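Visitor: Each residue of the sequence shown is one higher than the one before, starting from 7 at the first, in our numbering.
I have a structure I would like to understand better, so I am pasting it below and will then ask my questions one at a time.
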Amino acid sequence: MKSKLLFATLFAALALVVTSTVSMAAPIVIKFSHVVAEN
C-alpha cells in the first residue's frame with residue numbers, strides 16, 4: 007500500500023512537471039513555427 011501511495015505521488019509530480027514544461031514551451035514552439043513558416 008505504501009509503494010502504491012509513493013507511485014501516485016511520483017505520478018502526480020511528473021504530471022505537474024510535464025504540464026508546466028508544456029505550458030512554458032508552447033509559446034516558444036508556436037513562435038518558432040511561425041518563423042519557419044515565413045522562411
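Don't be surprised by glycine CBs; every beta carbon is placed ideally from N, CA and C.
Owing to the predicted nature of the structure, the values given are computational and were not obtained by experimental measurement.
Roughly how many angstroms separate the alpha carbons of Leu12 and Lys37, rounded to a whole number?
Guide: Here residue 12 refers to the residue found at position 6 when the sequence shown is read from its first residue. Here residue 37 refers to the residue found at position 31 when the sequence shown is read from its first residue. Taking the straight line joining both Cα atoms gives about 38 Å.
Visitor: In angstroms, rounded to a whole number, what distance separates the CA positions of Val35 and Val28?
Guide: Here residue 35 corresponds to residue number 29 of the sequence shown, with the count starting at 1. Here residue 28 corresponds to residue number 22 of the sequence shown, with the count starting at 1. Distance between the alpha carbons of Val35 and Val28 is about 10 Å.
Visitor: With DSSP run on the structure shown, which of helix, strand or coil describes Met7?
Guide: In the sequence shown, the residue the question calls residue 7 occupies position 1. Here Met7 sits in coil by DSSP.
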